[in-house]
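Numbering (my numbering), first residue to last: 559 to 915.
We put the beta carbon where it would ideally sit given N, CA and C, even for glycine.
Here's the structure we're looking at; comments come further down.
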C-alpha cells in the first residue's frame, strides 16, 4: 500500500530550464567609428567670417583713433584761441578798458572755461567795473545833449552809410539811439549792423586794427550770422593774430601761419608789419634756429625761400654756408700717370762681314 505524501512532506522540485536560459547570448555586432572630414565650403565660409570680423575690429579701432586725433587737434586750437583772447583781455585790463577786457574774458569762459588764471582776472575786472559804476559825491561831467531832431539824425545816418563813412554813421546812430531808442528800431538796427560790419572790414584791411575789427564781428554775431566775406576777413585776422602770438617763441609755428597768409593776403598787417614781412623774417629766424641745431640742409631750404622774396648779402652768405655744409664739395678723381719702365731686351749683335779676317 502506497502512501501519498502529505502536505508537510517536502520533495525536491525540479525546475525546467527555460529556452532563453540555455541559449548563448550573441554579442552585438561592433560598428567601425568613421570620422567625417569637414566640408570645404564650411572651411571657406568660416575663414571669410573671421576676416570680416578682424577687418571690422581694425576699422573700429582706426575710427576711434581718428576721432581721438581730431578731438586732440580741436582742443589744441581752442587752447590757442583761448590764450590769445586771454592775452588781449589782460592788455585791455591794463589799459583801463575794463568793458573790452570783460568781453575777451567772457569769450574765453565760453570756449575754454578751465583756462589758468581766467577766473581771477574776470573777477578782478568785474570788481573794477562795479567800482566805476558806483555813484560818487562829485558831480559827473555830462555830455552836451544833441538837440537835433531824430529825423535829421536818421537822414544823416542814411547818407553816411550810402557814402561809406562807416565810423561817422556809427557815431550818428548811437546819438540817435540816445535821443530816442524807440525811434524806427528795425531800420536803425539794420543801418547799425551794416555800418559795424563794414567798419570792421575797414579796420582789418586799411587800418591794421585787427583786434578791434574782430571785436566788432563778435558783437555782430550775437544778433545775426555773418556773410561769407565777413567770415573770411575774420578768419584771416584771427590767423594773423594767432601766428603773431608765437613770435620769438616758436618760429616754426610762425612760419606755418604766415605761409598761409603770404599766399592769401600778403599785405595784411597789424600796424607794425605786413604778413609778407613777418613771413620773411620768420623764414630767416627759423633757418638760424635750424643751423644752431646742426640741421644745415633744412636751414638752406628756408634761407632759399627768404632769398626768393628779398635777397640781401647777409642772407646770401648764410645760405651759402648752409648749402656748402649740406653739400660738401667732392674731389674730382684724376687719372694716375704710370711711367713706363723700359725693359732691357736682348739684342742680336750683327757682324759686319767686311771686318771679318
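Under a three-way DSSP split, which group does residue i fall into?
{"i": "residue 832", "result": "strand"}
{"i": "residue 781", "result": "coil"}
{"i": "residue 673", "result": "coil"}
{"i": "residue 896", "result": "Bear in mind that the predicted position of residue 896 carries a pLDDT of just 47, short of 50, making it too unreliable to give a figure here."}
{"i": "residue 908", "result": "Residue placement at residue 908 is flagged as unreliable, the pLDDT there being 48, under the threshold of 50; the coordinate-derived value follows with that caveat. Here residue 908 sits in coil by DSSP."}
{"i": "residue 721", "result": "coil"}
{"i": "residue 807", "result": "coil"}
{"i": "residue 870", "result": "coil"}
{"i": "residue 859", "result": "helix"}
{"i": "residue 882", "result": "helix"}
{"i": "residue 843", "result": "helix"}
{"i": "residue 707", "result": "coil"}
{"i": "residue 654", "result": "coil"}
{"i": "residue 887", "result": "coil"}
{"i": "residue 797", "result": "helix"}
{"i": "residue 851", "result": "coil"}
{"i": "residue 588", "result": "In this prediction, residue 588 has a pLDDT of 49, which is less than 50 and means its spatial position is unreliable; nothing more can be read from the coordinates."}
{"i": "residue 582", "result": "Confidence at residue 582 is low in this model, with a pLDDT of 49, below 50, so its placement is unreliable and no value can be given for it."}
Of all the options the options, which has the alpha carbon lying nearest to the alpha carbon of residue i?
{"i": "residue 742", "options": "640, 719, 708 and 759", "result": "708"}
{"i": "residue 679", "options": "643, 712, 711 and 838", "result": "643"}
{"i": "residue 754", "options": "833, 888 and 770", "result": "770"}
{"i": "residue 747", "options": "730, 827, 826 and 763", "result": "730"}
{"i": "residue 652", "options": "864, 852, 836 and 683", "result": "683"}
{"i": "residue 737", "options": "749, 712 and 722", "result": "712"}
{"i": "residue 868", "options": "878, 851 and 835", "result": "835"}
{"i": "residue 710", "options": "722, 733 and 720", "result": "733"}
{"i": "residue 809", "options": "761, 838 and 824", "result": "838"}
{"i": "residue 794", "options": "663, 841, 824 and 774", "result": "824"}
{"i": "residue 723", "options": "735, 749, 883 and 740", "result": "749"}
{"i": "residue 638", "options": "669, 658, 758 and 650", "result": "669"}
{"i": "residue 802", "options": "663, 717, 840 and 721", "result": "840"}
{"i": "residue 667", "options": "715, 784, 871 and 636", "result": "636"}
{"i": "residue 850", "options": "871, 876 and 745", "result": "876"}
{"i": "residue 881", "options": "865, 854, 888 and 870", "result": "854"}
{"i": "residue 775", "options": "752, 672, 758 and 658", "result": "758"}
{"i": "residue 716", "options": "740, 752 and 686", "result": "752"}
{"i": "residue 832", "options": "779, 762 and 728", "result": "762"}
{"i": "residue 760", "options": "740, 726 and 607", "result": "726"}
{"i": "residue 645", "options": "865, 885 and 658", "result": "658"}
{"i": "residue 662", "options": "654, 672 and 648", "result": "648"}
{"i": "residue 654", "options": "633, 720, 686 and 664", "result": "686"}
{"i": "residue 665", "options": "735, 852, 756 and 780", "result": "780"}
{"i": "residue 671", "options": "640, 650 and 660", "result": "640"}
{"i": "residue 656", "options": "883, 634 and 681", "result": "681"}
{"i": "residue 718", "options": "740, 744 and 756", "result": "756"}
Opposite residue i in the DSSP bridges: which residues?
{"i": "residue 827", "result": "832"}
The stretch 836–848 contacting the stretch 856–873, beta-carbon criterion three pairs below 8 Å: yes
Validate contact between the stretch 782–798 and the stretch 812–822 using beta carbons, cut 8 Å, 3 pairs: Touching, per the Cβ criterion.
Sufficient close CB pairs (3 or more, under 8 Å) joining the stretch 779–790 to the stretch 665–676: no
Cβ pair count under 8 Å reaching 3, the stretch 762–769 against the stretch 824–834: The stretch 762–769 is in contact with the stretch 824–834.
Contained alpha helix (DSSP H) runs [length at least 4] in the stretch 732–785, N- to C-terminal order: 743–760 and 768–779
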